[in-house]
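Chemist: Using this note's numbering, the letters of the sequence shown map in sequence onto residues 214 to 382.
Glycine residues also receive a C-beta, built at the ideal position from the N, C-alpha and C atoms.
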Amino acid sequence: MPRLPSIRPIRHDNDDAPRLSGLLAIIFWCACGITAVPLAGIFTLISVLGPQAAWSAIADSLSAPGASSQMLRFGLFPQVVLFVWAIGFVILTVRRSTRTRALAPVALVVWLIVTAFSQFAIRDLLAPDGLTVGDLAALLPALLAQGVGVAGFVGYMREGERPRRYYRS
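1. Between which residues of its own chain and Leu258 is the CB-CB distance below 8 Å, once the five residues before and five after are set aside?
2. Taking C-beta to C-beta, are Thr248 and Ala299 nearer than 7 Å?
3. Do you know how far the Cα of Pro264 is from the Cα of Ile255?
4. Does the stretch 347 to 357 come close enough to the stretch 290 to 306 to have 3 or more Cβ pairs within less than 8 Å?
5. Within 10 Å of its beta-carbon, does Trp324 have 16 or more other beta-carbons around it, so buried, or fewer, so exposed?
6. Which residues in the same chain have their Cβ closer than 7 Å to the Cβ of Phe366, if we skip the five residues on either side of it in sequence?
7. Tell me the DSSP secondary structure of Pro376 in three-state form.
8. Taking 8 Å as the cut-off, does the stretch 330 to 348 touch the stretch 272 to 291 (at least 3 CB pairs, one atom from each stretch)?
9. Measure the C-alpha to C-alpha separation of Ala355 and Ile220 and round it to an integer number of angstroms.
10. How is Ser310 classed by DSSP in three states: helix, strand or coil?
11. Going by CA-CA distance only, name the one from Leu217, Pro218, Leu236, Val294 that's closest to Arg375.
12. Do Pro278 and Thr328 have their CB atoms nearer than 7 Å?
13. Which term fits Leu217, buried or exposed, when burial requires 16 or more other beta carbons within 10 angstroms of its beta carbon?
14. Using only the alpha-carbon positions, how far apart do Ser310 and Ile240 sit?
15. How far does the alpha helix (DSSP H) with Ser260 in it reach, from first residue to last?
16. What do you get for Leu305, buried or exposed, if any count of 16 or more other CB atoms within 10 angstroms of its CB means buried?
17. Report back the beta-carbon spacing between Pro215 and Tyr379 to the nearest angstrom; my notes put them in contact at under 8 Å.
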């Protein structure tokens with residue numbers, strides 16, 4: 214029987230390129246999860262109710278009058294912005310776009326602003342006399358924690374060695 218020639222592994226031109234690892238990989242996989250969960254929810258709703266009924270249920274819940282529907286709308290704004298950030302981060306990271314280091318932090322800052330607005334809007338909707346200093350005190354710890362997280366991400370994307378190497382290639 215004739216001997217087959219050995220098969221050498223295919224070497225790609227960018228084998229020397231930095232790999233997605235460390236904290237950058239964790240952020241990437243979290244963004245994948247943030248992208249996957251809403252899509253899974255929508256597909257589940259469609260599979261249970263059917264396409265027409267699912268879209269009708271979503272439209273009805275978002276357009277209904279009343280405080281609970283208003284709170285739902287205010288609560289969905291930050292989730293939509295975070296979903297857009299996550300899908301953008303995933304696409305830009307997979308493409309190794311050099312713009313990721315500039316666009317992803319800006320999008321997350323936009324999310325922080327939208328979530329702060331939404332939290333105050335929901336609180337104002339619930340408070341019979343409008344917002345008070347007590348409401349600010351109640352919301353401030355969560356907003357500060359979110360701000361610290363966003364500032365950490367902005368700093369990591371701007372100054373971090375791994376994002377600098379990964380997105381430069």
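Modeler: So, from the listed chains and residues:
1. Cβ within range, chain order: Ala267, Ala270, Ile271.
2. It is a contact, given that the beta carbons lie within the stated cut-off.
3. 10 Å
4. no
5. Its Cβ being crowded by 16 or more others within 10 Å, Trp324 is buried.
6. Pro318, Leu321
7. helix
8. yes
9. 57 Å
10. coil
11. Arg375 has its Cα closest to that of Leu236, out of Leu217, Pro218, Leu236, Val294.
12. no
13. Residue environment: Leu217 is assigned as exposed (fewer than 16 neighbouring CB atoms within 10 Å of its CB, all protein chains considered).
14. 16 Å
15. 235 to 262
16. By the neighbour-count rule (16 or more Cβ atoms within 10 Å), Leu305 is buried.
17. Rounded, the Cβ-Cβ distance is 45 Å, inconsistent with contact.
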